[in-house]
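Working notes, beginning with the structure itself.
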Amino acid sequence: MTDDVATTVANLDWDRIGAELDEYGVARTGPVIAPETCAAITGLYDEDRFRSRVVMKRHGFGSGEYKYFANPLPDPVAALRAAVYPHAAKVANGWAERLGMEAYPDTLEAMLERCHAEGQTKPTPLVLKYGPGDYNCLHQDLYGAVAFPLQLVVLLSDPASFEGGELVLTEQRPRMQSRAEVVTLGQGEGALFTTSIRPRRGTKGDHRVMLRHGVSRLRSGERYTLGVIFHDAA
Ligand SMILES: O=C(O)CCC(=O)C(=O)O
Ligand SMILES: [Fe+2]
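Residues 1 to 234 (the UniProt record's numbering) make up the sequence shown, in order.
Structure follows, in structure tokens:
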């Protein structure tokens, strides 16, 4: 199962994904998790595999809930995180260079070592669960000083099983109007997107833009997603 994930990820069209990330700050990856594995991960939701549960309304985060996995992460989640990271790091390092920032390590292992050295030791991959009326307010998943600039979300549910619930991203330049992107996914398909800041090419060269993401209101059905964040949390 995990070999499958690694092979699938290696065969994605990383040139296209990289180009779309540079242009728009978000890119669909194509399918990364088989439907049976999506169902298996969703099936873990009520089991004892998580370190914490967040009821979004209690915090003003929206409506719905999510749970962060405890270590050890389920095999396909760990495999996906490790396999996507080096490709995402190439994009991230292109951005870091353009923004004059320090480079990111080439492997997830080294990235996590950097997090752990700064006291960010809690795993951040999570499963989110939305029902009718639920939504996720625009936010950024930053959990400490060490932050990787891209993250992945995978739709675990069959898109025919819910209405609404689109992934929404907004991109803002200081003191300017925001640009929005709306992303719909197939079951097992991923979207890679900017966690906070990226460079955007304009007529006068690069400028920094700030992104936030969220989920529009689910009109009916049930929607589960897997969030894969590449930095750990304090
Ligand atoms: O449910 C989604 O599509 C987005 C969830 C999210 O906020 C995340 O993966 O960080
Ligand atoms: Fe998020």
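From the three backbone atoms N, C-alpha and C, an ideal C-beta is built for every residue, glycine too. Predicted model, so just to flag it, every value in this text is computed and none were measured.
Taking C-alpha positions only, Thr-29 is separated from Tyr-130 by approximately 22 Å. Between the C-alpha atoms of Gly-205 and Gly-43 there is a straight-line separation of about 48 Å. Annotation: Thr-203 to Ala-96 spans about 20 Å, alpha carbon to alpha carbon. Of the residues assessed, His-59 falls on the exposed side of the cut-off, its CB having fewer than 16 other CB atoms within 10 angstroms. DSSP places Ser-216 outside both helix and strand once states are collapsed to three, so it counts as coil. For His-139, the enclosing beta strand (DSSP E) begins and ends at 135-139. Looking from the CA of Tyr-24, the closest CA among Val-209, Arg-223, Pro-132 belongs to Val-209. Its Cα nearest to that of Leu-112, the residue Ala-82 stands out among Gln-140, Val-91, Ala-82.
Within a 10 Å sphere around the beta-carbon of Asp-48 sit fewer than 16 other beta-carbons, which makes this residue exposed. Take the alpha-carbon of Pro-76 and the one of Ala-103: they are about 27 Å apart. It is roughly 22 Å from the alpha-carbon of Val-5 to the alpha-carbon of Leu-21. One thing to note: Leu-108 has its Cβ within 9 Å of the Cβ of Phe-230. The C-alpha of Ala-145 is placed about 8 Å away from the C-alpha of Glu-118. With a beta-carbon spacing of about 5 Å, Tyr-68 and Leu-126 fall inside the 8 Å limit used to define contacts.
The three-state reading of DSSP puts Thr-42 in helix, counting H, G and I together. A Cβ-Cβ separation of about 6 Å places Gly-214 in contact with His-139 under the 8 Å criterion. Apart from the 5 residues on each side of it in sequence, Ser-63 sits with its Cβ closer than 7 Å to the Cβ of Met-56, Lys-57, Gly-133, Asp-134, Tyr-135 in its chain, given in chain order. With a 10 Å radius around the Cβ and a threshold of 16 neighbouring Cβ atoms, Asp-106 comes out exposed. Per DSSP, Val-32 is not a residue of any alpha helix (DSSP H), being assigned neither H nor E.
In the three-state reduction of the DSSP assignment, Lys-204 falls in the coil class, being assigned neither a helical nor a strand state. Distances from the CA of Phe-61 to each of Ala-234, Ser-220, Arg-212 were compared; the closest alpha carbon is that of Arg-212. When distances are taken from the beta-carbon of Gln-172 to the heavy atoms of ligand 2, even the shortest one reaches 8 Å or more. Contact annotation: Gly-221 and Tyr-66 have beta-carbon atoms that are not nearer than 9 Å.
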